[in-house]
């Protein structure tokens, strides 16, 4: 029988990763409760590129670091679920652009609400000073490890 692992013994990166997994699970549970049970974490990588732009499948594939076929498949799934739609380009009807649907925007709002509620719960549990210190440290670690620029450009991708 394996001995239980004390989370305090984990290295910083693993601990941050697992804390992120737990936070993501809490957000996913809240999204499901709010009527979005079919949203997956991977959908967020697509959504981040549709918040302020209407890319083509090719543009989206490039941003996501995947093939056009892969991006098209991801968008087709989101379209089938009602979160995205493809619209003709206003200047060239041959070009189709991907955008969030009304339901997609509702999902973004629900996710933001869920993350804010989680943040408030953590603030209540650990206090403003401790939570702010943890956020500052995590942001500094992200910057030191070279990940802050991808966040700023909304080009975060899972590691290979």
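Residue numbers (full-length UniProt numbering): 1 to 160.
Ideal Cβ positions, reconstructed from N, Cα and C, are used throughout, including at glycine.
Query, Result
"Work out the CA separation of residue 51 and residue 108 for me, nearest whole Å.", "9 Å"
"With 16 other CB atoms within 10 Å as the buried threshold, where does residue 65 fall?", "exposed"
"According to DSSP, simplified to helix, strand and coil, what is residue 119?", "helix"
"May I have a chain-ordered list of the beta strand (DSSP E) segments no shorter than 3 residues that lie completely inside the UniProt domain \"HTH marR-type\" (1 to 143)?", "84 to 88, 96 to 100"
"Using 8 Å as the cut-off, can you tell me whether the region 20 to 40 makes contact with the region 110 to 124, which would need three or more C-beta pairs spanning the two stretches below that distance?", "yes"
"I'd like the span of the alpha helix (DSSP H) that includes residue 151, first residue to last.", "148 to 152"
"Measuring alpha carbon to alpha carbon, tell me which of 9, 17, 77 ends up nearest residue 42.", "77"
"Between the C-alpha atoms of residue 87 and residue 39, what's the straight-line distance to the nearest angstrom?", "22 Å"
"Taking the alpha carbon of residue 103 as the point to measure from, which residue in 152, 62, 47, 129 has its own alpha carbon closest?", "47"
"With a 10 Å radius around its C-beta and 16 neighbouring C-beta atoms as the bar for buried, classify residue 75 as buried or exposed.", "buried"
"When the Cα atoms are used, what is the spatial distance from residue 19 to residue 13?", "10 Å"
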